[in-house]
Amino acid sequence: MRPRHWFRVHSWIGVIGGLLLFVLCWAGTVATLSHEIDWVLTPASRVQPGAERASPDRLYNKVKAVYPQASIARIHAPLYARSAAQVIVDFPNQRSVRVYLDPYTAEVLGSSSYFSVQRFFRSFHISLFNNQWGLYLVWLLSIPLLVSMIAPLVFYKRWWSRFFDLKTGRGSRVFWSNAHKLTGLWSLWFVLVIAVTGVWFLFEAIRYDLIDGKIAWANEGKSAVNELPLLPPGPALSLKDLLARVQQERPELEIKTLGFGRGGYFYVDGQAGHLLVRDRANKLYFDASNGVVIYNQRAADLSAYWRWSDSADPLHFGDFGGLPSKLIWFVFGLGLSGMCLTGTYLHVQRLGKEAGGRERARWPGTTAAMIASLLVLAGSMHGGWQEIKDYGPVVNGSQQWPDVPPAVTVFIAAWVLLTLGILGYWVWMLWRSNRPVN
349 MRPRHWFRVH SWIGVIGGLL LFVLCWAGTV ATLSHEIDWV LTPASRVQPG
399 AERASPDRLY NKVKAVYPQA SIARIHAPLY ARSAAQVIVD FPNQRSVRVY
449 LDPYTAEVLG SSSYFSVQRF FRSFHISLFN NQWGLYLVWL LSIPLLVSMI
499 APLVFYKRWW SRFFDLKTGR GSRVFWSNAH KLTGLWSLWF VLVIAVTGVW
549 FLFEAIRYDL IDGKIAWANE GKSAVNELPL LPPGPALSLK DLLARVQQER
599 PELEIKTLGF GRGGYFYVDG QAGHLLVRDR ANKLYFDASN GVVIYNQRAA
649 DLSAYWRWSD SADPLHFGDF GGLPSKLIWF VFGLGLSGMC LTGTYLHVQR
699 LGKEAGGRER ARWPGTTAAM IASLLVLAGS MHGGWQEIKD YGPVVNGSQQ
749 WPDVPPAVTV FIAAWVLLTL GILGYWVWML WRSNRPVN
């Protein structure tokens with residue numbers, strides 16, 4: 349295709365799919381720092397650093413003493429020195445309750461439902477709160493995002509020499525056009541990472557649903573290549589003894605998660621010095637009744653396929669390098685979200701300039717695309733409402749609204765209102781561009 353045709357493809361993608369792309373990029377940007385936002389908004393998640401951390405078995409025993417009716421599902425190590433440890437428990441009338449503990453003193457600091465800023469933005473960004481059509485729609489959009497990144501490399505002349513080509517004092521249209529181009533150039537690597545990992549997630553979803561039904565290299569049950577048989581329920585060794593077995597087997601492992609009751613197994617995952625892998629790339633399964641190692645997985649031993657599978661998620665969300673990499677992903681995520689908005693603004697400005705008193709030319713399907721996008725987002729609101737309620741307790745057979753820190757509720761509500769305002773302005777701009785010029 350000629351360069352001008354690539355430009356038309358780039359413009360068409362921005363107008364037809366830009367609304368959904370903006371919302372997903374904008375939500376994904378917040379998702380990169382969602383753990384840190386929860387830390388700011390949830391008082392029980394903040395602690396003062398101490399000299400030495402309490403052992404996980406102290407945390408476990410403390411929760412059992414304070415909540416004797418609870419079944420402990422997981423223990424998560426604190427993210428930072430000032431972060432609380434989290435123990436996820438199930439009550440008879442409520443699943444997945446977060447219990448916050450001081451990781452230095454093992455003091456219980458409070459509890460809340462599993463719903464949080466992190467849960468909201470990750471679920472929305474990954475699936476629009478719908479694990480069927482929403483999941484596929486989100487990952488399908490990574491394809492036009494990739495094409496939209498490639499197109500300017502064809503039509504933007506000598507793009508490699510324009511990284512510092514800043515134009516000022518020539519009006520708002522020139523300024524925003526220049527900002528759009530510069531942001532795009534500096535974000536090329538970032539958009540490539542996001543788009544390629546998105547296409548990978550799409551492939552994995554198709555493979556899981558239509559080919560082999562496998563989500564991991566090894567796991568309990570039938571969803572893994574290496575299926576671990578379910579063990580009969582029975583008494584388990586003390587957590588202290590099981591942790592001693594972990595230390596024996598993998599002394600180099602920095603434990604991130606302890607899991608209980610997973611098909612009769614005691615589960616451990618974490619980091620062991622391997623580059624760019626999520627925690628579950630390094631994991632162990634023990635027979636909880638006797639401490640025998642049933643499966644020991646090292647990231648270095650994985651095949652190229654499954655090693656990449658465990659690298660795509662940290663690359664997509666930027667959490668592989670702690671707070672510094674998250675901040676980089678957040679800044680470039682804002683830039684990508686901004687490009688969706690400025691691209692639409694420039695399209696509308698160009699239509700107005702080219703119309704010259706005639707009826708504005710527009711992309712066929714613009715109105716239909718706007719309506720379809722708004723309907724998809726409206727559908728996600730229903731799914732989100734249902735997912736949030738699912739984290740609440742059941743009282744007299746009725747699902748109740750979950751316990752959420754007030755600041756978390758305010759933050760999410762403010763984000764939703766701001767996003768709706770941006771979308772309203774977006775729709776108004778495109779709708780206005782479709783009207784004849786007097």
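Taking this note's numbering, the leading residue of the sequence shown gets 349, the next gets one more, and so forth. Note that beta-carbon positions come from the ideal geometry of N, C-alpha and C, so glycine has one too. Only a predicted model underlies this, so the values are computations on that prediction, with no experimental measurement involved.
DSSP beta-bridge partners of residue i
i           : result
residue 588 : Residue 588 is not bridged to any residue.
residue 610 : 613
residue 575 : 567
residue 363 : None, per the DSSP bridge assignment.
residue 394 : 431
residue 437 : 420, 445
residue 619 : 602
8 Å Cβ shell around residue i - same chain, five flanking residues per side excluded
i           : result
residue 663 : 541, 545, 624
residue 571 : 561, 562, 563, 564
residue 441 : 741, 742, 743
residue 556 : 562, 563
residue 650 : 565, 629, 658
residue 553 : 483, 484, 487
residue 734 : 477
Contact belief for residue i with residue j at Cβ below 8 Å, rounded distance in angstroms
i           : j           : result
residue 364 : residue 726 : Their Cβ separation, rounded to whole angstroms, is 18 Å, which puts residue 364 and residue 726 out of contact at 8 Å.
residue 304 : residue 618 : Coverage of the chain is limited to positions 349 through 786, which leaves residue 304 absent and any answer about it impossible.
residue 390 : residue 460 : 7 Å
residue 451 : residue 401 : 5 Å
residue 433 : residue 425 : 6 Å
Own chain residues within Cβ distance below 7 Å of residue i, not counting five before or after
i           : result
residue 373 : 681, 684, 685, 688
residue 501 : 507
residue 690 : 524, 527, 528
residue 678 : 377, 380, 381
residue 486 : 372, 474, 475, 476
For residue i, three-class secondary structure by DSSP
i           : result
residue 420 : strand
residue 604 : strand
residue 526 : helix
residue 428 : coil
residue 385 : helix
residue 560 : coil
residue 625 : coil
residue 631 : strand
residue 746 : strand
residue 641 : strand
residue 377 : helix
residue 521 : helix
residue 511 : coil
residue 543 : helix
residue 732 : helix
residue 351 : helix
residue 532 : helix
residue 413 : helix
residue 553 : helix
residue 400 : coil
residue 408 : helix
Residue i Cβ short of 7 Å to the ligand HEM heavy atom set
i           : result
residue 642 : As presented, the structure is devoid of all ligands, the ligand HEM included, so that no description of it is given.
Close Cβ partners of residue i (< 6 Å) along its chain, the five nearest in sequence each way excluded
i           : result
residue 620 : 600, 601, 630
residue 706 : Any reading at residue 706 needs caution, since the residue's pLDDT is 48, under 50, leaving its predicted position unreliable; the model's value is listed next. Nothing listed; no residue qualifies.
Review point. Taking only runs of the beta strand (DSSP E) that begin and end inside the segment 441-509, which ones reach a length of at least 3 residues, in chain order?
Key: List check, beta strand (DSSP E) in window: 442-449, 456-461.
Practice item. Run through the segment 644-726 for me and flag every whole alpha helix (DSSP H) of 4 or more residues, listed as ranges in chain order. Key: Counting only runs of 4 or more, we get 652-665, 670-703.
Point to revise | Any alpha helix (DSSP H) of 4 or more consecutive residues that is wholly inside the segment 748-774 | key: Secondary structure remark: continuous alpha helix (DSSP H) runs of at least 4 residues inside the segment 748-774: none found.
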